[in-house]
Structure formats: structure tokens, C-alpha cells
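End of the sequence shown = 1093 in the working numbering, gap-free, step of one. The beta-carbon is built from N, C-alpha and C at its ideal position, and this holds for glycine as well. Since this is a predicted model, take the numbers as computed values, not measurements.
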Amino acid sequence: MHIHLPIHKQLSHTVNAIEAQLIEKIPVVSDFSDVFLEELPGLPPDRDVEFAIELVPGTAPVSRRPYKMAPDELKELKVQLQEQLDKGFIRPSSSPWGCPALFVEKKDQGGKRLCVDYRPLNAITIKNKYPLPHIDILFDQLAGAKVISKIDLRSGYYQIKIREEDIPKTAFSTRYGLYEYLVMSFGLTNAPAFFMYMMNSVFTNELDKFVVVFIDDILIYSKSKKEHEEHLRIVLTRLREHKLYAKFSKCAFWLKEESFLGHILSEKGVAVDPSKVKDVLNWKQPETVTEIWSFIGLAGYYRRFIKDISKTAKPMTSLTKKNAKYVWSSNCDEAYQTLKKLLTFAPVLAQPDVTKPFDVYCDASGNGLVIAYASRQLRKHEANYPTHDLELTEVVHALKIWRHYLLGNTCHIYTDHKSLKYIVIQLELNMRQRWWLELIKDYDLEIHYHPGKANVVADA
634 MHIHLPIHKQ LSHTVNAIEA QLIEKIPVVS DFSDVFLEEL PGLPPDRDVE FAIELVPGTA
694 PVSRRPYKMA PDELKELKVQ LQEQLDKGFI RPSSSPWGCP ALFVEKKDQG GKRLCVDYRP
754 LNAITIKNKY PLPHIDILFD QLAGAKVISK IDLRSGYYQI KIREEDIPKT AFSTRYGLYE
814 YLVMSFGLTN APAFFMYMMN SVFTNELDKF VVVFIDDILI YSKSKKEHEE HLRIVLTRLR
874 EHKLYAKFSK CAFWLKEESF LGHILSEKGV AVDPSKVKDV LNWKQPETVT EIWSFIGLAG
934 YYRRFIKDIS KTAKPMTSLT KKNAKYVWSS NCDEAYQTLK KLLTFAPVLA QPDVTKPFDV
994 YCDASGNGLV IAYASRQLRK HEANYPTHDL ELTEVVHALK IWRHYLLGNT CHIYTDHKSL
1054 KYIVIQLELN MRQRWWLELI KDYDLEIHYH PGKANVVADA
């Protein structure tokens, strides 16, 4: 039985008034205000491609009881269910399938977002291996661009229909009944790969000429303003023809410089984004033997990129010898600064091989080719996190900053916190963990326990 939910405000299929004024001032874009709607108009049109959920042979429907929700969450649940019903994104279901609904915090604008814990369904879904583009090839295409625009779709997943026979598999259970999605839902394991496939299909004729698509980023690049006017018009026309709608607040037009996939693109060429390596330059000077070993462990992990690393680090390693007096000398400081400089520039020389799995080490060391590294200080609110959540924070941080490498490829996460291996099957999750799990579900990853050692890649 389904509880009747009251009808809410009429859906808006127009452009936000403030955004409309801004759009009118942008060359070419002003002719395509209908592409930048304030809300999606409802169920997407029939397309040549629909999202399918192929299951491992011999599997049976999985069903889980609804998660318990607090009174304020139940109130919000009614509102969001009604909104999705009004838009035609969901409908009541009598499916034998059913994964529990839950809320995660919206990071960018506050509030709660309704999600579904699709872990049981994802576990028996055949993974889509649609290839992502080689990042180095993308940058070759972009080199020399003088004018750049970037477009993000509005709720891109909701602009793709689910194949009719697969709709029952998306069923989700709530306090107010069972519902199923008619559009591609967040949390489905193959959603990112299929989204990439659809976007490539739309821009087949423009790819690598003046358009680069990476998951939900559309980048238009040109060598002159005149060219860019033509290119931008073609891309916006494609979106209009396919009834794909963009979110104006996340778009940028007519730029000379733009950050894309961890690099800065400009007419000078492609450069590494300084924000990706600044943390190493700000690395705190070691004050104990343990901290020296942590830093040396990081440097040692990248030794194939650093000439004479042992010789350079000798003043520091001498402080770690038994019975050595800890005195940080000018030689130690010189060695430390030199290694930081080398670490800042050497790792970015490696190019990723997307035909092989990626390894991400959190507080551990391994044998692999360095593609990139990162570290950051704990934020004030994170200082009170339990150890389990701190370790998971590292994993999430890595997935976010290296998304362009890891999404769509197999990746192995190595951590010295054993319980993280079981996060994907854990039933009781706090709000933070729910949010993180939503992100993790987009990736084809395995979490491995790797005991901590003296020589570590420290928080990298």
C-alpha cells in the first residue's frame, strides 16, 4: 500500500530570471536559453540508448527492509518522493526487488539528497567496461587552445531512461512504500560508464576536433574567438537537438584559462595544476625520528624518479640511527627542502596506463608507477572523527582528486585499517559514511588490508 502524498508546487520549465539576464549577455549562449532550464521538464524523451542492468547469470531478486529514519527525515522523504513522482522520475512499484532508501548531506548547497543503497544490486550486476579516454591524448588535443568553454549537464543521470524490463530492478523501499526509477539513478554501478557512452554518442562528430567529454564535463576548445563562436554554437545545437539540459551555474564560457582534470589549460599549453602539489611544499618539518621515516618513506616510494635519493637524504637518515642525537642541522634542512622540490616535480612525469589497474596507498607503501600523489591537513571538524572515519576520509579524498584516473578503471585501495575492507557490506552507517559510500559506489574498486610499516607513504 502506498500513502498518498500531497501535490507540491508546479514544476518550472523556464530559465531562472537572474540567470536569464546573465545568459543574454553571453555571445552565442544567448541564443540557447532553452538549454539552461531551472528544472528538468520531466521524464526524458525516448533516445537511441537506454540504461540497462545486466545481471550475473543465476541470480535471484534481492530485497532489503527500509532503513529507519528520524521524524525530520520522514518529513523530508515525503517531500522528495512527491517531487520525483511529479517529475515522472519514479513510480509506485510491486517489484520483487528492493534496496533501502537513505539520505546523504548535500555538500554544495546544504540539505539532504535522497539516495538508494544499491550495494546488494551492484554486487550481482555485470560491470560495464566501456573505456574512458586516455587522458594524455585528451591533453594533446587541447594543447594550443586559446578560447575554452565548459558545460555541465543538469542532473545528467536523470536525463537518461532505464530500459523498461530493468526498471523493476531499481526498486527501493521506504516507510511509505516501494518505488522504482524510470531514469538512471545515482548509486547504480554502471551509471558513470553508460553516461560516458551516451555523451560520446551525442558528440561523435565533434570529439577530438573541438570537443572533449569526460564523464559529466563537456569542454569546447578553439584556437580563435571566431572558431569558438562556431564550435560553441554546434555544441549547444547538439544539446538542443537531443533535449539535453545544462546547469548554467556550473558552466563557464569564453575563458582563456581553465582547470580540467588536474591540469591548467591555456593558450600557453597544458600545465600541472599548482593546487595539486602545493601541500608537499607546505609539508611540516619532521620533529621526531618517526616523522623522518614517514617522509623518507614517501621519498623512497618515488626513488625511480629521483636521482641519488639516498645520497640526498643522508643528513636526515643519519638522525634515525641508534643512539643518534636528534639535532636538525642546516644540512638536514637542505636535504629536506631538496627532496620536497624533487617530490613536487618528479611524480607528474609519469603517464597513466589505463589498461592496467590503479593502486592507491593510504598510509602504506607498494611497488608501482607513480601517477600522482596528494596530502592534506585534517580540517578542524575532522579532528574529532573516530579512527575508522579518518581512514575512510583518506580513501574518499583519493577518489575525488584522482577521479579522472580511477573512474571507469579497476583500482585497488591499500589501507592499514583492516575494517575498511567491509565498508561496502556494513549495514549500520552514519550520515558521513552514507555520503562517502554513495561516492565509492561509482568506482570499480577493491579495498585491501596492508599492515603499516616504518617506511610509509605518509598520508599520500
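Unbroken beta strand (DSSP E) run spanning residue i, endpoints
{"i": "Val780", "result": "Val780 to Asp785"}
{"i": "Leu811", "result": "Gly810 to Tyr814"}
{"i": "Pro733", "result": "Cys732 to Glu738"}
{"i": "Leu852", "result": "Asp850 to Ser855"}
{"i": "Pro725", "result": "Ile723 to Pro725"}
{"i": "Phe665", "result": "Careful: Phe665 lies outside any beta strand (DSSP E) and carries neither H nor E."}
{"i": "Val844", "result": "Val844 to Phe847"}
With 16 other Cβ atoms within 10 Å as the buried cut-off, status of residue i
{"i": "Thr921", "result": "exposed"}
{"i": "Met1064", "result": "exposed"}
{"i": "Arg752", "result": "buried"}
{"i": "Val835", "result": "buried"}
{"i": "Lys783", "result": "buried"}
{"i": "Pro729", "result": "exposed"}
{"i": "Leu775", "result": "buried"}
{"i": "Tyr1006", "result": "Annotation note: pLDDT 46 at Tyr1006 (below 50); position unreliable, coordinate value reported separately. Buried, because 16 or more other Cβ atoms sit within 10 Å of the Cβ of Tyr1006."}
{"i": "Gly731", "result": "buried"}
{"i": "Ser727", "result": "exposed"}
{"i": "Leu1124", "result": "A question about residue 1124 goes unanswered here, because the residues of the chain that appear run from 634 up to 1093."}
{"i": "Ala968", "result": "buried"}
{"i": "Glu1027", "result": "buried"}
{"i": "Lys955", "result": "exposed"}
{"i": "Thr803", "result": "buried"}
{"i": "Leu765", "result": "buried"}
{"i": "Leu707", "result": "exposed"}
Three-state secondary structure (DSSP) of residue i
{"i": "Ala685", "result": "coil"}
{"i": "Glu920", "result": "coil"}
{"i": "Asn1088", "result": "Below a pLDDT of 50, predicted positions are generally treated as unreliable, and Asn1088, at 30, falls in that range; the measurement from the model is reported next regardless. Residue state, collapsed to three classes: coil."}
{"i": "Ser943", "result": "helix"}
{"i": "Cys748", "result": "strand"}
{"i": "Asp1077", "result": "strand"}
{"i": "Pro825", "result": "helix"}
{"i": "Asn649", "result": "coil"}
{"i": "Phe886", "result": "strand"}
{"i": "Ala804", "result": "coil"}
{"i": "Lys658", "result": "coil"}
{"i": "Thr692", "result": "coil"}
{"i": "Lys794", "result": "strand"}
{"i": "Ile897", "result": "strand"}
{"i": "Thr1026", "result": "helix"}
{"i": "Leu840", "result": "strand"}
{"i": "Ser963", "result": "helix"}
{"i": "Ser892", "result": "strand"}
{"i": "Tyr1082", "result": "strand"}
Heavy atom of the ligand ATP within 7 Å of residue i beta-carbon
{"i": "Glu798", "result": "In the structure on display, the ligand ATP does not appear, and there are no ligands present to speak of."}
Residue i and residue j closer than 8 Å at C-beta
{"i": "Phe881", "j": "His864", "result": "no"}
{"i": "Leu673", "j": "Ser788", "result": "yes"}
{"i": "Leu1032", "j": "Ile1073", "result": "yes"}
{"i": "Thr692", "j": "Ile651", "result": "no"}
{"i": "Ala734", "j": "Pro690", "result": "no"}
{"i": "Leu852", "j": "Phe893", "result": "yes"}
{"i": "Val668", "j": "Tyr878", "result": "yes"}
{"i": "Val662", "j": "Phe847", "result": "no"}
{"i": "Thr822", "j": "Lys760", "result": "yes"}
{"i": "Tyr854", "j": "Lys711", "result": "no"}
Close-in-space but distant-in-sequence residues of the same chain around residue i (CB under 8 Å, 5 per side omitted)
{"i": "Lys883", "result": "Asp785"}
{"i": "Lys794", "result": "Leu676, Pro677, Asp679, Arg680, Glu683, Phe684, Leu815, Val816 and Met817"}
{"i": "Asn1000", "result": "Here the model assigns Asn1000 a pLDDT of 42, short of 50, so the residue's position is not dependable, and the following value carries that caveat. Once the five neighbours on either side are set aside, Asn1000 has no close Cβ partner at all."}
{"i": "Tyr959", "result": "Thr921, Val922 and Leu952"}
{"i": "Lys889", "result": "Lys779, Val780, Ile781, Ser899 and Glu900"}
{"i": "Arg724", "result": "Leu718, Tyr812, Glu813 and Leu815"}
{"i": "Pro825", "result": "Ile848, Leu1040, Gly1041 and Asp1075"}
{"i": "Cys748", "result": "Ala734, Leu735, Phe736, Val737, Phe819, Gly820, Arg1067 and Glu1071"}
Neighbourhood of residue i by C-beta distance below 6 Å, restricted to the same chain and skipping five residues each side
{"i": "Glu1079", "result": "His1045"}
{"i": "Glu900", "result": "Lys779"}
{"i": "Asp799", "result": "Ala685 and Ile686"}
{"i": "Arg746", "result": "Val737 and Lys739"}
{"i": "Asp750", "result": "Cys732, Pro733 and Leu735"}
{"i": "Asn755", "result": "Thr822"}
{"i": "Met832", "result": "Val846"}
For residue i, the first and last residue of its enclosing alpha helix (DSSP H)
{"i": "Thr1121", "result": "The structure shown does not extend to residue 1121, since the chain spans only 634 to 1093, so no value can be given for it."}
{"i": "Thr1043", "result": "It is not in any alpha helix (DSSP H) - Thr1043 instead sits in the beta strand (DSSP E) that spans Thr1043 to Thr1048."}
{"i": "Arg871", "result": "Lys858 to Glu874"}
{"i": "Val712", "result": "Pro704 to Lys720"}
7 Å CB neighbourhood of residue i in its chain, flanking five on each side removed
{"i": "Thr953", "result": "Val922, Ile925 and Trp926"}
{"i": "Tyr1076", "result": "Leu1032, Leu1039, Leu1040 and Cys1044"}
{"i": "Phe665", "result": "Leu869 and Arg873"}
{"i": "Lys858", "result": "Val780"}
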